[in-house]
Structure formats: C-alpha cells, structure tokens
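**Q** Handing you a structure now.
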Amino acid sequence: MTGLRRMLLAGAALALAGVAGQAGAGEIVGAVTGPDGKPVSGAKVMVEDLQRGNVTGKDGRFRIAAVPGGPIRVSITATGLASDFSTVDVPAEATAQLVVTLRKNDLIRRSAALVAEPQPEHLAQKAAYLAGLRKPKGKVPNIVLILFDDLGYGDLSSFGNRLIKTPNIDGLAARGMKLTASYASSPVCSPSRAGLLTGRYPLRSGLATHVLMPTGSNEAAYRRSRGLANALPADEILLPEVLQRAGYRTGLFGKWHLGDTPGHLPTDMGFTEFFGLLYPNDTEPTDLWRGTKIETPAARFDQATITEKTADETIAFIDRSAGKPFFAFASFTAPHRPHFANPRHMGLSEGGLYGDVVEDLDDNVGRILTALRERRLDDDTIVIVTSDNGGDFLASVGDLRGRKGDTFEGGMRVPAFVVWPGLTKPGSVSDEMTMNIDLLPSILSALGIPLPKDRVIDGKDIAPILTGAKSPHDHLYYTASWAGR
1334 MTGLRRMLLA
1344 GAALALAGVA
1354 GQAGAGEIVG
1364 AVTGPDGKPV
1374 SGAKVMVEDL
1384 QRGNVTGKDG
1394 RFRIAAVPGG
1404 PIRVSITATG
1414 LASDFSTVDV
1424 PAEATAQLVV
1434 TLRKNDLIRR
1444 SAALVAEPQP
1454 EHLAQKAAYL
1464 AGLRKPKGKV
1474 PNIVLILFDD
1484 LGYGDLSSFG
1494 NRLIKTPNID
1504 GLAARGMKLT
1514 ASYASSPVCS
1524 PSRAGLLTGR
1534 YPLRSGLATH
1544 VLMPTGSNEA
1554 AYRRSRGLAN
1564 ALPADEILLP
1574 EVLQRAGYRT
1584 GLFGKWHLGD
1594 TPGHLPTDMG
1604 FTEFFGLLYP
1614 NDTEPTDLWR
1624 GTKIETPAAR
1634 FDQATITEKT
1644 ADETIAFIDR
1654 SAGKPFFAFA
1664 SFTAPHRPHF
1674 ANPRHMGLSE
1684 GGLYGDVVED
1694 LDDNVGRILT
1704 ALRERRLDDD
1714 TIVIVTSDNG
1724 GDFLASVGDL
1734 RGRKGDTFEG
1744 GMRVPAFVVW
1754 PGLTKPGSVS
1764 DEMTMNIDLL
1774 PSILSALGIP
1784 LPKDRVIDGK
1794 DIAPILTGAK
1804 SPHDHLYYTA
1814 SWAGR
C-alpha cells in the first residue's frame, strides 16, 4: 500500500503523521491563562482551517503538531470566559509560540439573570402516562444499547476502513443486521442523545442547536437568556422511564450529556444506576460520578481506562440484574477527542493513536458480547450498536461529505447494527433509512406498550426494516447543527 493511500485511508486519525511528513510543516505550542493569571485547563484550541486542534492540559499548555507554514487562524474557547481568535505565523519546519489570556464574559450572565427559570409544561401528562402503564405479560427481552461518541461512518472495518481492525463490532453483522443508511437526529452530542431517548426530533426538546455545557458556563447562561433549560426538560418521556415501569432494571454507563441541574441527573430521568461522566471527556470538570455523587474527582480521572471501566460497569450491571429484564446503556466516551489509548492497545493499530482508541473500543464491546454469551443471554437480548453523530474528522466519515457539526451526510449518517433474536436474520443488510429516534417506538411496540398520545413521537417502529421490508419513513429531517448551519 502506498504512503499516499495509507494517509487517505487513515484519515484524520493519521492527519498528524501525514502532514508531518510533508515539507514545510511546523507546529504551534503555547499556554492559556485566565483573567486571574492561572492556567486554564480543558480550553479548546482549534486550527480553524484544518478543523482540528487540542485541549489544554492541567498546566494550561497545548501543542498542535503538523501545521502548514504560514498565517494560521486559531480559536481558543473555555467555559465561562470570552473566546479568543488569533492569527499565528507558523514558520516552516519550526515552532510558533502562542500565549493567550482569556477575559471574563459577563454580558451573557447579566442577560440570563433577567430571565426566570423555565418551567416544564407537561409534567402532569407525563405522570399520567407513566402511571397508566402496565408490565408486559410473559417473557420480555433484555436490551443492550451501545453508543459511541463521534464514531464516523468510515471508522469500522465493515464500513470500509482498511487500517482500523474492529472484528467484534463487525461480527454483529454476521449475527444480525447491518444498517447502511442509519442517521443520528443531530450532528452533535446532546441533541442526538435527546432524540435517541425520547423518540422525538431534538428541536421539540429545545435542543435543536445546542450542546449542553456545565452549569455556570457561558453556554449555560446563553440558554437561560433564551428561556431554555440547561438540561433535557423534565417533562420529556424517556425510554428508560418507560422501561422502569415495565419492570426493567435500567443502567447508564459512560457519558450522559443531557444536563447537570437538580432533577436532571440520569437517576432522575429513568436510570436505576449511573456510572460515568456528565459531559464529554474534553469538558471540565471530568469528574466520574456514581449515582448522584462524585466517586472519582477530575484530578484522579484516567482518560486511558474510561472505555475499559465503562465495559466493566456494564458487565457488572448485567450480573446484578440476574433473573430480571435489564436495559444496559453502554455510552462510551470514545472516540471523542482528546484521544487516550489504553496501554494494552497503545501503538498496535495501523490507524495511529485514533486507531488504537477505536480498537480499544472494539475490544471492550467484545467483552460485553462475550459476557452475554457466557451467561447464556444471547437468545434473550436485543443488541443495538451505533454512534451519536458523525466523525469529528473529515476522513473518518468515509466518502461522505461533511463531518460532526455539519448537517451533511458526514455529520448525520452513522454506522449501526441490530441483533434482535427472532426478528433479524443473521448476515442481513438493509439500505433503508432509519434514525435514532426510532429506538423508543420500536422497543415499545415490541413490548406492547402504547406510545404517549399527548405529544408527537417522530420515530417509527422499524421492525419491518429488521425483517427486510421497506422503511416506514416517508422523510427524515436534518435539524440544525450547533453552528446554526
């Protein structure tokens, strides 16, 4: 395989190595401090034209390698502070220094203070619906939902990647159905996850264009200034809430990203158990929570092992649920940047560091699937695997246009697999259009649970697709991204 061919296939995961091999490539190193002069950790430093960058460490420092020589526009954003936009003259095959002090941003906060806390309008209807549900008669299937963060359409071997090896995830295609036209309900995290759990387009939840950020941030204040809650509204009906009423044990392990305000933690929104992060792995503070308490503070959080811990917790939850139906939601934080490979996988992938991260994911998905098989739960468990949105790097999306944050195919179209005992045919493939909003109505239909009638459910029961029929959708909407495009 030629060097050029390898670089094209590796994509953004190998972008650093690929550009570094070109004559004239330089680097940008520097530091970010706040108005108090202290280092700012977790600040996002982006080379705008390259659509990549890095995150400052605990010392506020950063390094962006393999940058073409010449004037380069760099943006720096951090929670609670005004953003900075600088142009750096990068010398060929040398280092440019960039030291930035971010200023306070009080304008949004003053605006937010003028707006009352939004109140949910449909709590009574939600309570009445949940109270009226009855446990399904007879045996019900277990459900394992595996969600990746920013995994692109072209990141898996079975979707065309020749450098990253993903045999465990790909093996699901042999056991069930591979969906080639599956879509997220948004090209960014929070809105897509809202659509996944509610069965509704995220615009109906007030999350059409915003990724939620920690309370106290400028982003949270901005939502408040517009009369929006900094969380998924409490009157939305979530899949785990319905499954709880149906007698399921429900657990979320990994990333939540749907709010941190009182009454909006995972255990307030239908999950019996929760272990993981409230926000992405690049958003401070990266505290690890268990239930409603911080178990591991950010200072002791190990990015390299969070994928393994997510699988550990998912498997332990399956064991604790012995004899009872369960909904296990393994919401992996990877391959969202920054990228940290488990030492067991470091340097093993032909796809570079990004490949190491994805192959570590594949290994831990395999551990979950093995746990189901060893406990003889294969025939009683629905397994659904997908990504919350498109890849964050242009070459992670295969031949598609755009990337995460874009309402082009690359931002919306995601790899997906479904293994549904008694429904999917082993080795089957469907090119019919589906969206993650179809999860809730499909599961409820299988359990004989009626949909709520007081609100629009945009998703459809895709059981016909899983048996080889046409899509029940006449159309699907691509709602606006975080950038408003």
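Residue numbers for the sequence shown follow this note's numbering, so the first one is 1334 and each next one is one higher. Glycine included, every Cβ here is placed at the ideal spot set by N, Cα and C.
1. By the three-class DSSP mapping on this structure, what secondary structure does S1682 have?
2. How should R1746 be labelled, buried or exposed, when 16 other C-beta atoms within 10 angstroms of its C-beta is the threshold for buried?
3. Tell me which same chain residues have a C-beta within less than 6 Å of the C-beta of D1696, skipping the five on either side of it?
4. If you run the structure through DSSP and keep just helix, strand and coil, what is S1519?
5. Taking buried to mean at least 16 other C-beta atoms within 10 Å of its own C-beta, is A1446 buried or exposed?
6. So who's on the other strand from S1419, going by DSSP bridges?
7. Check whether the segment 1569-1586 touches the segment 1602-1609, taking contact to mean three or more Cβ pairs, one atom from each stretch, closer than 8 Å.
8. Here's the rule I'm using: 16 or more other beta-carbon atoms within 10 Å means buried, otherwise exposed. How should G1639 be labelled?
9. Report back the beta-carbon spacing between G1760 and G1743 to the nearest angstrom; my notes put them in contact at under 8 Å.
10. Spatial neighbours of R1533 within its chain, please: C-beta separation below 8 Å, excluding the five flanking residues on both sides.
11. I'd like the list of long-range same chain contacts for G1487, defined as Cβ closer than 8 Å, with 5 residues on each side in sequence excluded.
12. So L1819 and G1592 are in contact, right, with Cβ under 8 Å, and what is the actual spacing, rounded?
13. DSSP has P1451 in a bridge; who is on the other side?
14. What does DSSP give as the partner residues of N1387 in its beta bridges?
15. Measuring CB to CB, does P1658 end up less than 8 Å from Q1636?
16. Pull up the distance between the alpha-carbon of L1480 and that of L1414, whole angstroms please.
17. Quick one: is E1646 buried, meaning 16 or more other Cβ sit within 10 Å of its Cβ, or exposed?
18. Between the C-alpha atoms of V1407 and D1382, what's the straight-line distance to the nearest angstrom?
19. For the alpha helix (DSSP H) containing T1499, name the first residue and the last one.
20. Could you name the residues of the same chain whose beta carbon sits closer than 6 Å to that of W1589, not counting the 5 residues immediately before and after it, in chain order?
21. Looking at C-alpha atoms only, which residue of A1567, S1682, F1586 and V1691 is the closest neighbour of H1318?
22. Alpha carbon to alpha carbon, how far is K1803 from P1797?
23. Just to confirm, are T1714 and P1500 a CB contact at a threshold of 8 Å?
24. Measure from the alpha carbon of V1378 to the alpha carbon of each residue in K1371, S1419, S1523 and S1654, then state which is nearest.
25. Hey, would you say the C-beta of F1607 is under 7 Å away from at least one heavy atom of the ligand MG?
26. Does the segment 1533-1547 come close enough to the segment 1430-1437 that 3 or more CB-CB pairs lie under 8 Å?
27. Taking the alpha carbon of P1676 as the reference point, which residue from F1726, G1781 and L1686 has its own alpha carbon closest?
28. Whole-angstrom Cβ separation of T1619 and D1482, contact assumed at under 8 Å?
29. Can you tell which of K1737, Y1810 and T1719 has its C-alpha closest to the C-alpha of A1506?
30. Which residue wins for smallest C-alpha separation from P1401, given the options V1423, L1756, S1558 and E1628?
31. Specify the secondary structure class of G1699 as computed by DSSP and reduced to three states.
32. Can you tell me whether T1703 is buried or exposed, with buried defined as 16 or more other CB within 10 angstroms of its CB?
33. For N1722 versus S1519, is the C-beta spacing smaller than 8 Å?
34. Do you know offhand how far F1726's Cα is from R1385's?
35. Roughly how many angstroms separate the alpha carbons of P1630 and D1615, rounded to a whole number?
36. Run the CB neighbour count on K1511, radius 10 Å, all protein chains shown included, and call it buried at 16 or more, exposed below.
**A** Reading from the atomic positions:
1. It is coil, neither helix nor strand.
2. buried
3. none
4. coil
5. exposed
6. V1407
7. Yes, the segment 1569-1586 is in contact with the segment 1602-1609.
8. First, the residue type needs correcting, since residue 1639 is Ile and not Gly in the sequence shown. Burial call: buried.
9. Going by Cβ atoms, the distance from G1760 to G1743 rounds to 27 Å, so no, they are not a contact pair.
10. The residues are A1527, E1569, I1770, R1788, V1789, I1790, D1791 and G1792.
11. Sequence-distant partners of G1487 (beyond 5 residues in either direction) whose C-beta falls short of 8 Å from its own C-beta, in its chain, are G1344, G1493, N1494, G1724, A1728, S1729, V1730, G1731, D1732 and L1733.
12. Here the chain covers residues 1334 to 1818 and nothing more, so residue 1819 does not appear.
13. Beta-bridge pairing links P1451 to no other residue.
14. V1378
15. no
16. 31 Å
17. Looking at its Cβ environment, which holds 16 or more other Cβ atoms inside 10 Å, E1646 is buried.
18. 9 Å
19. Per DSSP, T1499 belongs to no alpha helix (DSSP H) and is neither H nor E.
20. P1599 and L1611
21. This structure cannot speak to residue 1318, because the chain is shown only from 1334 to 1818.
22. 7 Å
23. no
24. S1419
25. Among the components modelled here there is no ligand, and therefore nothing to report on the ligand MG.
26. Between the segment 1430-1437 and the segment 1533-1547, the count of C-beta pairs closer than 8 Å stays below three; the two stretches do not touch.
27. L1686
28. About 14 Å separates the two Cβ atoms, so there is no contact after all.
29. The residue with the shortest Cα to Cα distance from A1506 is T1719.
30. V1423
31. helix
32. With fewer than 16 Cβ atoms within 10 Å of its Cβ, T1703 is classed as exposed.
33. yes
34. 8 Å
35. 15 Å
36. buried
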